[in-house]
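In the numbering used here, the protein residues as written are 5 to 258.
C-beta atoms are modelled at their ideal positions from N, C-alpha and C, and glycine is treated no differently.
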Amino acid sequence: MHSAHKTVGVSAGLAALRASELGDFAVAGEAEQVLRVCLVSGCPLYKSDESLALLGEYLAEHGKAKCSRAFSQKEDDLPGLENLEKSDCMVLFARRMTIDGEQLERIKRYCRRGGAMVAVRTASHAFQNWLQMDKEVLGGDYQGHFDNKLTEVQIVEAAKDHPVLAGVKPFASRGTLYKNPNLAKDATVLLAGTFPGQTYPVAWVRPAPTPKAARGGRVFYTSLGHSTDFGNPNFLRLLANAVSWTCAQQRDRD
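Laid out in structure tokens, this is it:
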């Protein structure tokens, strides 16, 4: 359980790589409009406030995006979720929060309307009161993690030309490898994580699950997201591409 926390700027480790040094990422569909992105943070274990602040800076500088924030004050309080009502994409990085009532309903309403989502690492178990979100929305099957010290991240050959992977190269993560053995049938795996003797998907996409009449976006999930990953230009570009791609279908239908 975590105590109240507040973003005080990018930590020394993350500051080593500034957003201005990363270069532009490919905007799916070359949309001219500014994307409205809501950054939802509630995972102090991986410094999600600082990590998402860096991502937000990168999106603002290079991705034609304007970011709002819903950053947790404590495990059962996530103010700022009203920003979801006018957002094109939610970037979710939270862990076992116990929000309920209207706050949890705001998350569920966003998902039910097929809002575009980019979900990071512990988002597979973001809300203790709605653990089903992993299967129902993300298309995952979180079954814990290994105790490895390093995960080698490789591009899945069949997905190498996917827009989310534009400009992304294989890299190593200090995060432990998550076990996701049975993904949704409509999931497309983009990246695999390995260490000796084990291989599991670590990034995939799927259509946002919505009623047929709804204007659904897309969902991207990655089990990567160790705080040091946000200092890797390949990881930041992956997330930025994912924000653009998850919104593209929704924009085309508007």
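Within 10 angstroms of the Cβ of residue i, are there 16 or more other Cβ atoms? Answer buried if so, exposed if not.
| i | result |
| --- | --- |
| Ala252 | buried |
| Gly143 | buried |
| Thr203 | exposed |
| Val124 | buried |
| Leu49 | exposed |
| Glu295 | Since the first residue shown for the chain is 5 and the last is 258, residue 295 is missing from the structure and cannot be characterised. |
| Thr186 | For clarity, residue 186 is Asn in the given sequence; the question names Thr instead. It counts as exposed. |
Considering Cα atoms alone, identify which of the options is closest to residue i.
| i | options | result |
| --- | --- | --- |
| Lys189 | Lys173, Leu228, Pro213 and Arg178 | Pro213 |
| Leu181 | Val193, Thr198 and Lys51 | Thr198 |
| Tyr114 | Asp104, Leu59, Asp92 and Asp233 | Asp92 |
| Val168 | Leu194, Phe150, Asp151 and His149 | Leu194 |
| Ala74 | Leu108, Ala64, Gly201 and Arg116 | Leu108 |
| Cys37 | Gln136, Leu63 and Ala69 | A small correction: the amino acid at residue 37 is Gln; Cys does not occupy that position in the sequence shown. That would be Ala69, whose Cα lies nearest to the Cα of Gln37. |
| Asp138 | Phe224, His66 and Cys71 | Phe224 |
Grab me the residues of residue i's own chain with a C-beta within less than 7 angstroms of its C-beta, minus the 5 sequence neighbours each way, in chain order.
| i | result |
| --- | --- |
| Pro174 | Val157, Gln158 and Ile159 |
| Leu56 | Leu43, Ser45, Val95 and Phe97 |
| Gly221 | Gly118, Gly119, Ala120, Ala212, Thr250, Cys251, Gln253 and Gln254 |
Only counting the same chain, and skipping five residues up and downstream in sequence, which positions put a Cβ closer than 8 angstroms to that of residue i?
| i | result |
| --- | --- |
| Ala98 | Val44, Ser45, Gly46, Cys47, Ser52, Ser76, Leu82, Thr126, Ala127, Ala130 and Phe131 |
Measure the beta-carbon distance from residue i to residue j and round it to whole angstroms, keeping in mind my assumption that it falls under 8 angstroms.
| i | j | result |
| --- | --- | --- |
| Lys90 | Arg40 | 6 angstroms |
| Gly229 | Lys183 | Not a contact, Cβ separation roughly 16 angstroms. |
| Ala246 | Val122 | 5 angstroms |
Which same chain residues, not among the five before or five after residue i, have their C-beta less than 6 angstroms away from its C-beta?
| i | result |
| --- | --- |
| Val141 | Cys115 |
Please find out if some non-hydrogen atom of the ligand NAP comes closer than 7 angstroms to the beta-carbon of residue i.
| i | result |
| --- | --- |
| Ala162 | Ligands in the displayed structure: none, and consequently the ligand NAP is not present. |
*Flag this pair as touching only if the region 156-163 and the region 130-137 have three or more C-beta atom pairs under 8 angstroms; answer yes or no.*
no
*Pair every Cβ in the region 231-241 with every Cβ in the region 77-96, then say whether three or more of these pairs are closer than 8 angstroms.*
no
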